[in-house]
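Residue numbers (our numbering), protein chains in the order written: chain S, -5 to 135; chain Z, 2 to 557.
Built from N, CA and C at the ideal position, the CB exists for glycine as well.
Structure record follows, encoded as C-alpha cells.
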Amino acid sequence: MEKFRVLIVDDEVDFVETIVKRLIDRGLEVAGVHSGLEALDLMDTKDFDVVILDVKMPGMDGIETLRAMKKKRPLTEVIMLTGHGSVESGIQGLQLGAYNYVMKPVPLNDLLKQMAQAYERKLIEEERDRQAGNEAVPERV
Amino acid sequence: MASNHYQRLRIKIIAMTLFFSLIPFFTLGVTIYYQFDTAYTSKIMEALKTLCQNRRNAIELFFDERVAQLITVANTQTLDRLKDEEYLKKVFETMQSRSKSFLDLGVIDHEGNHLAYVGPHYEQLKSVNYHNQDWFQAAMSYGVHVSDVFLGFRKIPHFIIAVTGVEGNRRWILRATINSEIIDNIVRQGQVGKRGDAFIVNRANVLQTAPRFSGKLFEHPTTPDFSSVIGTNVEEITSNGDHILFATCPITYPKWVLVLREDPQEEMAPLFKAQYAEALILIAGIFLVVVGTVFTTRSMTSELIRMEHQKAESDDLMIQSAKMAALGKMAAGIAHEINNPLAIIGEKAGWMKDLLEKEDVKASPNLGEFEDCIKKIERQVDRSRTITHRLLRFGRRMEPTEDMVDVNQILAETITFLENEAHYRDIRIQTAYADKLPRVTTDSAQLQQVFLNIINNAIDAVGKGGFIDLRTSYDGGNRGSIVIEISDNGPGIPKEVLGKIFDPFFTTKSPQDGTGLGLSISYSIIEKLGGKITVASEEGKGTTFTIYVPARGFAT
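Structure (C-alpha cells):
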C-alpha cells in the first residue's frame, strides 16, 4: 500500500494511541492529536493527506474543526468518525467537504479502504489543480 | 367517572335554563290570563249596566207618554163632554190609534162611581164603585197615579194610570187601563242570551212582569231582593257555586226596580275560549321549552364528552410519540456512550492480533489460545456493534421523516426488538417475506410503531408455545400496495367484540396493562399513511391482522 500521511483527531486517548500504532505497523505515516485545536496547530506545520476526525469532541467540535481544516488545507481529505450516528452532522459534514462518514466502532480494514480511496481522490484533485495552473497553496491562517 | 360528572352538568344546565325561561313564560301566561278575565268581566258588566239603563229609559219614556196623554185629555176636555160615552169613545179611539196599549178608558166621579166607560168589559165594570180602592185614594190625593200590576176584576195582568181632572170644585178621575204586556215586551228585550232574565219588581219585591226563570208574576222573584236599590248597580252574586251578574236600575215613576240577570258563563264564552286557547298555548310552549332544553343540553353534553374523548385520544397520541421520542433519544445516548469503549476494545484487540503476526511472539506455546481469544473478542465487539447501531437507528427514526422504506427490513428490525420476549415465552416467530418488494415512501418510524403494537398484542394473546406468522406481499391493484399479514394461533377475538377493537379506550386488559389506545392509534396511523388495516379472527383458531401500505406514498 502506498505510504500516505494520516492525522487522527479524537478525544479518546486510548483509541488514538492504538490506531496510530496499528496504522504505522501497516506502513503509513501517522500522527495523532486529541483536540481540534491541536489538529489545526499541527496542520500549520505539517501537511497531511487524510484526516480521521471525530465529530463529538469537547472544546472545538468536529464540524467546527472540519470547517477550519477545509479553509486551511482544502485538498486534505477528511473522514468523519462518530459514535452516535446523527444524520444531520453527517449531512452537514459532507456538505462542508468531508469525504465520508463512518460509525464507530469500525473494523480497521474497512477504515483503511476508505482512507485509500480518500487518498486517491486527493491525488486526482491535486492533478486537476496542477493542470488548471493553480498549485495547491495553503491559505494564510 | 366522566359520565357522572356530565350527568350532573346536564341536569344543572337543564334546571337553570328551564328556571329562567319558564318563569317569564309563566308570569306572562298568568298575567294575560287574569288581565283577560278582569278586562272582559268589567266590559260585560258595563254592557249589562248600559242595557239596564237603556231598558229603564224606554220604560220611563213609555210611562211619561201615557201619563202625558191622559193629562192632556183630562185638562183639555170638560167633564160634561167626557161624561158622554159616545164622546168618550171617540177620545178613546183617538188615543188607541196612537198607542195600542190603552185597554179602556173610564171617567169616575169623586165618589168612585163610573160616570162613563169605554172598553171591553163594560158590563162588568160600569156598575163598580172604586171608592175603597188604593189607586182611587192615591189618585185623588196626588193627581197622578200609576198602579202596580194587578189582576183585578178582569183576571188578566194590567195596571192603571189615573189622572185627576179639576173643574171648579168638581174633582173627577180619568182612568185608563194599560196592558202590561207592553211593559213585558220592553223588559224582555233586556234578556241577554239564552240564560239571561229581566223583570220588574215593586218596592215590596213583588214581580210586576213575568220573568223567564226567576219566578212567577205577583210573587217574589227567586233572586235576591233588589227592591230597595238606589241608583244603577251591577253586582256579581254567587249562589250554589254559580256566579250571576245582576244589574238593577230603579224606575222613578212608578216606583219600580228593573232587574237584569245575566249568566256570565254565556257571555264569557269567548273569554273562556281565549283563556283555554292561551292555557293550551302555554302548556304547549312549556312542553316545547322543556323538550328543546333537554334535547339541546343532551346534544351539547354529548358533544362535550366526544370532544373530551377526542382530546384524550390526541393527548395520548402525543404522549405516546413523546415517549417514543424520549426513548429514542435515550437509546441513542446510551449507544453513543458505548460505541467509544467498543471502538477502543476493538482497536486494542486488533493491535494484539497485529502483534501476534510478528516473529518474536509466534514461538509462544499459548499462541493458539491468544489467537482464539482475540478472535472471540473481535466477534463480541462486532455483536455489540450491531446492537448499538440498531439502537441508534431506532433513535434516529423518531424524527418524523418521509423516507424510502423497505417494509421487510422494518419488520425484521421490529422482530429483533421483541425476539427476547418471544423466546422467553417459547413463542415461534415465522417470517415469509416477499422478495423484490418495492420500497415505499412513508414514515418508517410510525410504520414500525404499528408493527410493534400488533406483534406485541399477538405475543400477549398467544401465550406459551404459540406461533406468530409474518407475511409480506405486493398487491398491484389500486395503484399498488404492500400487504403485511400478521397472524397468530391464539384464542381469537369473539364476533361481538371484533367490530370494537379499533375503538379508542377499548381493551380487554386490566388498566395497568393496557390503555386501549394501541390499536386505535395504529389504525389512525395507517389511515393517515393512506393505507388500510383489517382484522379477521376465529375463536379458538387465531387472528390475522392485514395492513395495506400504499406503494405511492400518502400524498395521493
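Which chain S residues sit within Cβ distance under 7 Å of residue i?
i	result
G491/Z	Near G491/Z there are no residues of chain S at all, since even the closest Cβ is about 38 Å away, more than 7 Å.
A333/Z	H78
D355/Z	R16 and D19
List the residues of chain Z whose Cβ lies closer than 8 Å to the Cβ of residue i, in chain order.
i	result
E6/S	N341, A344 and I345
T144/S	No information on residue 144/S is available, as it lies outside the stretch -5 to 135 that chain S covers here.
F42/S	Near F42/S there are no residues of chain Z at all, since even the closest Cβ is about 20 Å away, more than 8 Å.
K98/S	N340, N341, L343 and A344
F9/S	N341, A344, I345 and E348
L88/S	Per Cβ cutoff of 8 Å: no residues; L88/S is ~16 Å from chain Z at best.
Just verifying my parser: in three-state terms, what is the DSSP assignment at residue i?
i	result
A333/Z	helix
Q431/Z	strand
A205/Z	coil
K510/Z	coil
F251/Z	It should be noted that the sequence gives Pro, not Phe, for residue 251/Z. In this structure, P251/Z counts as strand in the three-state DSSP scheme.
D476/Z	strand
A552/Z	coil
A364/Z	coil
Y118/Z	strand
T547/Z	strand
K91/Z	helix
E539/Z	strand
V100/S	coil
G107/Z	strand
R57/Z	helix
V406/Z	strand
F214/Z	coil
T443/Z	strand
R(-1)/S	strand
D4/S	coil
Which residues in the same chain as residue i place their Cβ atom closer than 7 Å to its Cβ, once the five residues preceding and following it in sequence are excluded?
i	result
Y93/S	E71, V72, I73, A112 and R115
I60/Z	I184, I187, I252 and L259
F200/Z	V188, L208, T210, P212, S215, P222 and V260
D110/Z	L116 and W173
Can you name the residues of chain S whose CB is closer than 9 Å to the CB of residue i?
i	result
R384/Z	Those within 9 Å of R384/Z in chain S number zero; the least Cβ separation is about 11 Å.
Judging by CA-CA distance, which residue of the options is the nearest neighbour of residue i?
i	options	result
K1/Z	Q192/Z, G347/Z and A446/Z	There is no way to answer for residue 1/Z, as the model of chain Z reaches only from 2 to 557.
V260/Z	V188/Z, I483/Z and G334/Z	V188/Z
G532/Z	T547/Z, K542/Z and G541/Z	T547/Z
V235/Z	C53/Z, H122/Z, K91/Z and E94/Z	C53/Z
H78/S	T544/Z, T223/Z and M331/Z	M331/Z
V207/Z	G197/Z, V193/Z, P222/Z and I455/Z	P222/Z
D470/Z	R480/Z, G477/Z and A459/Z	A459/Z
H310/Z	S521/Z, A16/Z and Q78/Z	S521/Z
Q410/Z	S538/Z, Q449/Z and L104/Z	Q449/Z
E263/Z	L246/Z, L272/Z and V292/Z	L246/Z
L530/Z	V441/Z, E220/Z and T224/Z	V441/Z
E182/Z	F27/Z, F63/Z and L343/Z	F63/Z
I428/Z	A446/Z, V463/Z and D38/Z	V463/Z
I455/Z	I282/Z, D110/Z, T28/Z and L518/Z	L518/Z
R67/Z	L49/Z, F219/Z, D105/Z and F37/Z	D105/Z
T51/Z	V92/Z, C250/Z and Q125/Z	C250/Z
K195/Z	T233/Z, P225/Z, E220/Z and E267/Z	E267/Z
K501/Z	S22/Z, Q78/Z, T535/Z and R472/Z	T535/Z
F(-2)/S	G127/S, M109/S, A126/S and E82/S	M109/S
R61/S	P99/S, H28/S and L90/S	L90/S
I'd like the list of long-range same chain contacts for residue i, defined as Cβ closer than 8 Å, with 5 residues on each side in sequence excluded.
i	result
M269/Z	Y41, T42 and I45
L69/S	K116, E119, E120, D123 and A130
V108/Z	L80, L83, K84, L89, H115, L116, A117, Y118, W173, I174, L175 and R176
V292/Z	none
P265/Z	T42, I45, E237, H244, I245 and L246
Which residues in the same chain have their Cβ closer than 6 Å to the Cβ of residue i, if we skip the five residues on either side of it in sequence?
i	result
V164/Z	L71, I72, A75, V145 and L175
S148/Z	W136, F160 and I161
F103/Z	M96, Q97 and A177
T298/Z	R11, I14 and I15
Note down, in chain order, every chain Z residue with its Cβ under 7 Å from the Cβ of residue i.
i	result
L60/S	Under the 7 Å cutoff, chain Z gives no residues; its nearest Cβ is about 19 Å from L60/S.
L105/S	Chain Z residues near L105/S: none, gap ~10 Å exceeds 7 Å.
To test your reading of the DSSP string, which unbroken beta strand (DSSP E) runs of 3 or more residues are found completely within the region 32 to 87 of chain S? Runs of the beta strand (DSSP E) inside the region 32 to 87 of chain S: 44 to 48 and 71 to 76.
Could you pull out every unbroken alpha helix (DSSP H) segment of at least 4 residues lying fully inside the region 6 to 36 of chain S, listed in chain order? DSSP runs (the alpha helix (DSSP H)) wholly in the region 6 to 36 of chain S: 7 to 19.
In chain order, what are the residue ranges of uninterrupted beta strand (DSSP E) at least 3 long that sit wholly in the region 216 to 282 of chain Z? Counting whole runs of 3 or more residues, the region 216 to 282 of chain Z contains the beta strand (DSSP E) stretches 234 to 240, 243 to 252 and 257 to 263.
Quick one: complete beta strand (DSSP E) runs, 3+ long, within the region 132 to 212 of chain Z? You should have 145 to 147, 159 to 168, 171 to 180 and 198 to 203.
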